[in-house]
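Everything below concerns the one structure shown next.
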Amino acid sequence: MEVVDGNAPLKIADFNIRARLFVGTGKYLRDGAPDYELMRAALDASGCEVVTVAVRRERLYDKQGRSLLDFLDLQRYTILPNTAGCFSADDAIRAARLGRELLEGLKNPGARWVKLEVLGDKQTLLPDPMETLRAAETLLKEDFIVLAYANDDPILCQRLKAAGCASVMPLGSPIGSGQGVLNPNNIRIILEQLKGNDPDYPVIVDAGVGTASDVTIAMELGADGVLLNTGIAGARDPVAMAHAMRHAVEAGYLAFRAGRIPRKLYATA
Amino acid sequence: MQVTVNGESREMPDGASVADLVAQFDLTPERVAVEVNERLVRRATYRETALREGDRVEIVTLVGGG
Chain A
0 MEVVDGNAPL KIADFNIRAR LFVGTGKYLR DGAPDYELMR AALDASGCEV VTVAVRRERL
60 YDKQGRSLLD FLDLQRYTIL PNTAGCFSAD DAIRAARLGR ELLEGLKNPG ARWVKLEVLG
120 DKQTLLPDPM ETLRAAETLL KEDFIVLAYA NDDPILCQRL KAAGCASVMP LGSPIGSGQG
180 VLNPNNIRII LEQLKGNDPD YPVIVDAGVG TASDVTIAME LGADGVLLNT GIAGARDPVA
240 MAHAMRHAVE AGYLAFRAGR IPRKLYATA
Chain B
0 MQVTVNGESR EMPDGASVAD LVAQFDLTPE RVAVEVNERL VRRATYRETA LREGDRVEIV
60 TLVGGG
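Residue numbers (numbering that gives the first Met the number 0), protein chains in the order written: chain A, 0 to 268; chain B, 0 to 65.
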């Protein structure tokens with residue numbers, strides 16, 4: 000019998016990650032300005048090892064002359080740079096190269112990987128599947144470890160895996176929508192198709208989770224991890240929600256491995 | 000010569016390099032990355048990369064994101 004360990008490491012390419020909750024650094028705001036202290040406290044409470052960041056030209060420094068980097072312990076966290084805000088493969092490729100350059104300069108191991116995110120439109124922020132695949136192919140040729148944010152579309156997820164992405168990250172629901180896992184059947188199909196003959200292939204549910212139970216559901220479906228940002232940053236008490244999310248990932252991970260009882264219509268004595 | 004930096008026009012002496020431009024801002028070099036005309040300029044090549052009239056320069060850093 001396999002020993003069930005809530006902290007068994009997740010392998011993505013040659014990264015070994017013990018915390019299966021990946022947390023974003025955006026949207027921590029107070030009076031319209033970034034609240035980096037709150038972000039730092041929430042990251043700490045979440046227990047995460049991997050934190051996502053974006054590459055942007057706006058605000059080289061905030062109004063008080065502070066940078067996100069003053070508040071991120073680069074010895075502690077592996078930074079996962081994303082290509083957020085990109086609506087074409089070409090823009091995403093540029094953002095990925097900039098992220099790598101930045102993290103190489105900061106000597107963070109996250110220089111070698113990228114969360115590829117190519118969006119289709121500003122209202123839904125849904126991924127553009129064709130541009131995502133095109134960008135992935137180019138970045139893989141440039142030796143990036145690509146974690147691809149994707150629609151909850153089994154065929155697209157298959158194609159991204161076949162292209163060589165180290166992980167595919169289907170959405171639970173649109174970014175920041177807090178709707179949870181809207182199509183658990185698609186996530187099940189994705190997990191079965193990507194992991195059926197390759198159980199160690201990492202599939203991470205990314206985006207849309209609103210509260211702890213959403214995270215647990217994603218993990219109970221068999222996801223290898225959850226990536227979220229707004230679910231914590233947008234909560235009334237982000238630090239408390241970060242604690243909740245940390246436990247939610249662990250609960251779902253353990254429950255999936257423990258094996259739920261079958262649903263029955265009638266009572267069983 | 001005129002170059003555009005993060006969307007804003009800026010006057011630079013002829014023959015200026017990317018290193019000269021970056022030095023004009025109060026920036027920690029490890030915390031920024033630079034593109035000229037949408038192409039990444041590696042940090043090690045700032046000094047040898049000459050700017051030209053009309054170049055579009057982007058100086059970016061890491062910001063919060065999900």
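Where is the CB? At the ideal position from N, CA and C, for every residue including glycine.
Tell me, please, whether the CB atom of residue i is closer than 8 Å to any CB atom in chain B?
i	result
THR77/A	no
ALA53/A	yes
LYS140/A	no
PRO33/A	yes
THR229/A	yes
LEU105/A	yes
LEU181/A	no
ASN196/A	no
MET168/A	no
LEU67/A	yes
MET240/A	no
MET0/A	With a pLDDT of 40 at MET0/A, under the threshold of 50, the modelled position of that residue is not reliable, and the figure given next carries that caveat. Closer than 8 Å: no.
GLU48/A	no
LYS121/A	no
GLU100/A	yes
ASN15/A	no
GLY258/A	no
THR131/A	no
ALA165/A	no
THR215/A	no
Quick check on this structure: which residue in the options has the alpha carbon closest to the alpha carbon of residue i?
i	options	result
LYS121/A	MET244/A, GLY175/A, PRO237/A	GLY175/A
LEU155/A	ASP142/A, VAL180/A, PRO126/A, SER172/A	PRO126/A
TYR252/A	ALA266/A, LEU227/A, ILE216/A, TYR265/A	ILE216/A
ARG17/A	ARG29/A, GLY31/A, CYS164/A, CYS47/A	CYS47/A
ARG75/A	ARG39/A, GLY64/A, ALA243/A, TRP112/A	ARG39/A
GLU10/B	THR27/B, GLU29/B, VAL31/B, VAL56/B	VAL56/B
ASP54/B	VAL31/B, ARG38/B, THR27/B, PHE24/B	ARG38/B
SER256/A	THR77/A, LEU9/A, LEU220/A, VAL204/A	Checking the sequence, you will find Arg at residue 256/A rather than Ser. Comparing Cα positions, the closest option is LEU220/A.
ALA32/A	LYS160/A, SER66/A, ALA41/A	SER66/A
VAL49/A	VAL113/A, GLY64/A, ALA95/A, ALA94/A	VAL113/A
GLY195/A	LYS160/A, SER212/A, ASP205/A	LYS160/A
ASP13/A	VAL204/A, MET244/A, LEU146/A, GLY84/A	LEU146/A
ASN5/B	GLU47/B, GLU34/B, ASP19/B	GLU34/B
Give a yes or no on whether the minimum CB-CB distance between residue i and chain A is below 8 Å.
i	result
THR48/B	no
GLY14/B	no
ALA32/B	yes
ASN5/B	yes
VAL35/B	no
THR60/B	yes
ARG41/B	yes
GLU29/B	yes
GLU10/B	no
MET0/B	no
If residue i sits next to residue j, beta carbons under 8 Å apart, how far is it from one beta carbon to the other, in whole angstroms?
i	j	result
ILE231/A	VAL54/A	Not quite, the Cβ-Cβ distance comes to about 21 Å (not below 8 Å), so this is no contact.
LEU118/A	ALA134/A	Rounded, the Cβ-Cβ distance is 11 Å, inconsistent with contact.
PRO153/A	ASN185/A	6 Å
LEU193/A	VAL202/A	6 Å
ARG19/A	GLY233/A	About 21 Å separates the two Cβ atoms, so there is no contact after all.
ASN81/A	GLY64/B	5 Å
ARG46/B	ALA18/B	4 Å
For residue i versus residue j, is the C-beta distance shorter than 8 Å?
i	j	result
ALA222/A	LEU190/A	yes
THR137/A	ALA88/A	yes
ALA149/A	PRO169/A	yes
ALA7/A	ALA241/A	no
VAL214/A	ALA247/A	yes
ARG111/A	ILE78/A	no
Quiz item: At what residue ranges does the stretch 102-164 of chain A contain a whole run of the alpha helix (DSSP H), taking only runs of 4 or more?
Solution: 128-140, 153-162
Checklist line | Any alpha helix (DSSP H) of 4 or more consecutive residues that is wholly inside the stretch 12-51 of chain B | finding: Counting only runs of 4 or more, we get 17-23.
3-residue-minimum beta strand (DSSP E) runs that sit fully inside the stretch 183-246 of chain A, ordered along the chain: 203-205, 224-227
Suppose only complete runs of 3+ residues qualify. What are the beta strand (DSSP E) ranges in the stretch 70-99 of chain A, listed by chain order? 77-80
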